[in-house]
Each structure stands twice: as structure tokens, then as C-alpha cells.
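Residue numbers (the numbering used here), protein chains in the order written: chain A, 1 to 312; chain B, 1 to 321.
Just below is one structure, and these are the notes that go with it.
The structure is reproduced here in C-alpha cells:
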């Protein structure tokens, strides 16, 4: 007993010897801790602005300590919110459908690349990898999507362009290689299990962490996408949340225009809109789902990023 | 006996074919997508050598391409003749080169510092907070920047006013923008980059540091002789990838964060924003847009190969392929 305690003590003192000195420690906490706080301060600032009374903004501008608080932005959202809820719905729909489809395609593609006995393995690996190094560029892609594939003012226009990501295929294949014992596939084949059954009933259940990583990366990409809608979406009905936010940069009254309220009442509403706080309230509503969720799933994302950056 | 063997062989052959077909059916959805959205546009590159015009009799993509006149390298000549395009190429290159070096130095420093924090909960909290900007879109970030720079209510604008200075008209004055873009880019990407390096550092076995420490190596010497050599493959790999992208800029950063403001174009126009603006502007020039993309892609491809060859000479293990 005593020897064990002594060894631990000895180890500890040795580890302490290898720690940095106190002034350096303090400096590290100031730099890293300071930057960490800087990373969320803009968001806190935007939350404060969202609850600031318009009178205070016109007096002293955006401030961390406003003269007066107000809930105007929320009450106006309740009145003008039709477009907001449509966009929220669009964003959720696009994220859910897009994530399911893209994960399915990624898992199937990378599983085939993982199979050593697949005759065209090398070809299809190169086939996806090459697109990360060379491409046709924006204009030809845009023309083909819009004119040939009909990706314009529909949900497919936002879902389809993000379906395949060669980076995710590499991550998933690497994940299969490191976590799926190859004998499992051979054993399943001997037992007469079909290829699809082997994939979905044996491989997929044991690859859940890898699939979760891919699913989260895809979900994040779909949720944050605004450039694809900028290209292909013109009507308000298909506008997702991030694109709505983008449109409000130039047209602050975009919400009022698409609120479904007509006539003099609409003009009155548009005139009295607390424009500054309303816009920032929109930002808060866009960021809140991510801010609440990411601390719980960041470890999956990190594992995906580190797998992806490791050469095979 | 022989019959049975022969039957087994043909059976095997069929089983093999069936397996190959099934595996092809698994890659098919992804492969079709790649053909339609990645390889077909590569054929569209011909537009870069054309004076692209919409064929008024029967406008369709194919007809437009067929009936547009070829003008050889005309688009490229025009691209390199104007001062505007030289400016955008200069901007893209300068920002990228500065940011590659800056991000590398700061991210590695931060990763080493985080690794020295002994209270695991504190280190975890810092990491989580630093990772936050990675999850935000550039549109959201542009509003964060607006909160500080808004011409009437921005925090900095009002700070200048209260100090009795004439407030800077941030979205009209190009001078501060190289710094604003640099800070914004560092703010958004630092957490992500340092987490990548940190993952490698935490993988270094503690016994190496213990051995170095017993040999009397100071903390600084341990960083130089243990940590950095372990980070080398990762640094080189990320370096090759970023050299391959030295002509590509982050569209969102250069487009939405400056709010697409015209007076700022001299310092915010990069190849990617040019490609977009040339395509979408009324009376946009599809040929020019495609030519700029092709230049970007071709040179990027050559740079990637070149950087990979150079790294291969220095350190065989660290090359990309």
C-alpha cells in the first residue's frame, strides 16, 4: 500500500517538474482564455441588441449597456413572422431530407471503396477524388444545374448540389478501415448474406460513430447553406433561414413584405418595425439551434476532421 | 468429380459477377451525381474559349454553346489586360499567402498552449468556446461584424463619435478592410485549426516528454525537439492542400462580410467573387466567368502537384500522394 502511494507521489512530483512555470501558465490562460471569450462575445452582443429598445439604439447606437430594453422585436416577429416560420420549416426540411440522402449515398459509395474484392475500387476512388482537385467552375455548373437539371425555385435545387462530398467519402472509408474487421464481411458472405443485407444489417450498426460524424457534417452544411439558394432560389416560399437572413441585409423589410398582411396595415407595420433589433433577433434565432447543439456533438465533428486530415 | 469442379468454377464466376454488379449499384447514385454535377460542367469549360451568346431562335444550353463563336484565348487575354483582374488576382494571392502563414503560426502556438493547460475541464471549456465560430455561416458572421461597424449604430462608429473623432465610414473606406478581413478570418478559423493540431499533439506519448525532461530538456526545448517534429507531417499535409487552394478564396468572407459594398471592391474583389459577379450581373459575361474559373482551377491544380513534389523531395512520408 505504502509503496503504491509513494510511487504515485513520486510520479506526481515528476509530472509537476515537467509543467510550465507559473508566469507562463498565467500568460497561457490570458491568451487562450481571452480568445475563447472573444469567440462568443459577438454573439452575446447580438443577443443584447435584439433586446434593445429602438430609442436606445437611435440615441447611443448598439451598446453592451443599452439605455432601455424592449421586447418589440419579439412582438413584431409574432405579427410578421409568417415568412420566418416558412423559412424555419424549409431549413429543417432541407436539413433532414438532405442529411438522410447524402449519408445514404456516402455510406454506400465508401463501403464499396472499402471492399478489397471490388474490381473497380481504384477507378471509383479516383473518380471522386479527382473532383476535389479540378472542376468546371461556377458558370458551367450553374448553367447545367439550372437549365439541364431544372434546379430552380424548388427544394431539390438546395438539396441536390450538396449531396456528395468526396471529403466525406474519404472520411467514411477510412472509418470503415479502422473500425470494421474485414473477416466480418467474409463470414457474412459465407453465411449467404446478400451484399446489401451485409451492409445495412451488419456493417452499419457497428459503424454508428462514423455515420454520426458524416451525418453531423452534412447537417451542418445544409443548415448553414446560403450560397446555393443565392444561385437557384428566387421565390420567398422556398427561402431557407440563412438565405432569408442574407436577403435582410439588403432589404430590412423583407419580412414585412412577405408577411401576408395587405393594405394600409402592412405599410403601418413596415414603418414601425424595430428594424435594428428585429434583424439581430433573426440572427439569434438562426444561431440558437446550433449554439445549443454543438457542444454535445463537437466530439464527432472533431473525430471526422482528424480522420479526414490523416493520410491513408 | 471434374464435372463438379467445373460447375463450381462457373458458379464462382457468376457469383463474382453478381457481387461486382451489386457493388457497382452501391456506387451508382454517387457516381451519377459526380457525372452530372462535376464531370458534365468540365465539358462546359469550352465556354471559356467562346464569345458566349444566348441563341435567340431556340435558347437552350446546348444550342447556346453550339452557336456561340469561338474566340480562342480572347477571354484570357482580356482577363489579364484589365487592371481590375490583376488586382483581384493580387488580392487572392496576397490574402491567401499571408493567411496560410499567420494561421499556421498562431494555430500551432495555440495548440501547444492548450496542451499545457493541466486542468482538463478548463482546457475543454476553452476548446468548446473556440470551436463556436466554426459552426456559423458567413452570413451570420457578417451580422456580427455589422454590429461593430454599422455606419449609424455600430459600436466602433459610436465609440469614435464619443471620443470626438469623425467616425470612419467602414463600408465605404477600403483602407481598414485588409485588417478586418484578416481578423475575421482568424477569428472564425483559429479554433478549428488549433483543434486539428491539438489532436496530433495529444497523440504524442507522454514517455517522450518524460525522457526529454529527465535528460534535462527545458519546456521550450521539448517543444522544439519533440512536439514540432511530431507536428511536421500534419503541417506539411495542410500546407500542400492550402497551396493547391492559393487561387481560391472563401466566397462568403469576401462577399457578405463587406456587404457586397462597391467602394470596397479594390481590396475585397477576389477571383471567386469576380466569377460570381461576372456570371450574375445583368448582361453578365459567362465566357469571362468560366475563363477566370478555368485559370483558377488549372493553376491551382499545377500548384498542388508542384507543392506535393517539393514536399516529396523533403520528406517522402508527408506528401499527399
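The beta-carbon is built from N, C-alpha and C at its ideal position, and this holds for glycine as well.
Listed along chain B is no residue with a C-beta nearer than 8 angstroms to that of residue 275 of chain A; the closest approach is about 10 angstroms. Taking a cut-off of 8 angstroms on C-beta distances, the region 277 to 286 of chain A does not touch the region 187 to 206 of chain A, as fewer than three cross pairs fall below it.
Partner residues in the beta bridge of residue 70 of chain B, as assigned by DSSP, are B:50. In this structure, the alpha-carbon of residue 20 of chain B lies about 6 angstroms from that of residue 118 of chain A. Residue 144 of chain A counts as buried, since no fewer than 16 other beta carbons sit within 10 angstroms of its beta carbon. Apart from the 5 residues on each side of it in sequence, residue 161 of chain A sits with its Cβ closer than 6 angstroms to the Cβ of 228 in its chain, given in chain order. For residue 309 of chain B, no CB of chain A lies under 9 angstroms from its own CB, so it is not counted at the interface with that chain. Contact between residue 171 of chain A and residue 307 of chain A holds: their C-beta atoms lie close to 5 angstroms from each other, under 8 angstroms.
Within the region 105 to 189 of chain B, the complete alpha helix (DSSP H) runs of at least 4 residues fall at 120 to 131, 138 to 149 and 155 to 162. Counting only the Cα atoms, residue 260 of chain B lies some 13 angstroms from residue 173 of chain B.
Burial is judged here by how many other beta carbons sit within 10 angstroms of a residue's own beta carbon; residue 201 of chain B has at least 16 and is buried. Boundaries of the alpha helix (DSSP H) harbouring residue 228 of chain B: 228 to 244, taken from the DSSP string. For residue 174 of chain A, no Cβ of chain B is located within less than 9 angstroms of the residue's own Cβ. Beta bridge pairing from DSSP links residue 14 of chain B with no other residue. Under a criterion of Cβ atoms nearer than 7 angstroms, the residues of chain A adjacent to residue 293 of chain B are, in order, 137, 138 and 139.
The C-beta distance from residue 242 of chain A to residue 224 of chain A rounds to 6 angstroms, short enough to fall under 8 angstroms.
At least 9 angstroms separates the beta-carbon of residue 35 of chain A from that of residue 48 of chain A.
Residue environment: residue 96 of chain B is assigned as buried (16 or more neighbouring CB atoms within 10 Å of its CB, all protein chains considered). Contacts with chain A (Cβ-Cβ distance below 7 angstroms) from the region 115 to 131 of chain B involve 116, 117, 118, 126, 128, 129, 130 and 131, listed in chain order. For residue 223 of chain A, the three-state secondary structure derived from DSSP is helix.
In the DSSP assignment, residue 83 of chain A falls within the unbroken alpha helix (DSSP H) covering 82 to 114. Counted as a single uninterrupted DSSP element, the alpha helix (DSSP H) harbouring residue 57 of chain A occupies residues 54 to 60.
Between residue 92 of chain B and residue 272 of chain B, the gap from beta carbon to beta carbon is short of 9 angstroms. Apart from sequence neighbours up to five positions away, the residues of its chain that approach residue 110 of chain A with a beta-carbon distance below 6 angstroms are 169, 172 and 173, ordered along the chain. When C-beta atoms of the region 137 to 154 of chain B are compared with those of the region 233 to 243 of chain B, fewer than three pairs fall below 8 angstroms, so the two segments do not count as touching. Membership of residue 199 of chain A in any alpha helix (DSSP H) is not indicated, and neither H nor E is assigned to it by DSSP. At a cut-off of 9 angstroms between C-beta atoms, residue 153 of chain B counts as an interface residue with respect to chain A.
Using beta-carbon distances, residue 171 of chain B does not count as an interface residue toward chain A, since no partner is under 9 angstroms. Membership of residue 293 of chain B in the alpha helix (DSSP H) is indicated by the continuous run 286 to 314.
One finds 147 in chain A with Cβ atoms closer than 8 angstroms to the Cβ of residue 60 of chain B, taken in chain order.
Residue range 34 to 50 is occupied by the alpha helix (DSSP H) that includes residue 34 of chain A. For the region 203 to 218 of chain A, the set of positions with a beta-carbon nearer than 8 angstroms to some beta-carbon of chain B is empty. The beta carbon of residue 43 of chain A sits closer than 9 angstroms to some beta carbon of chain B. Using a Cβ-Cβ distance cut-off of 8 angstroms, the region 123 to 136 of chain A and the region 24 to 41 of chain B are in contact, since at least three pairs of beta carbons, one from each stretch, lie closer than that value. Against residue 14 of chain B, chain A offers no close residue; the least beta-carbon distance is about 14 angstroms (beta-carbon pairs closer than 7 angstroms). Within the DSSP bridge table, the entry for residue 69 of chain A names A:52 as partners.
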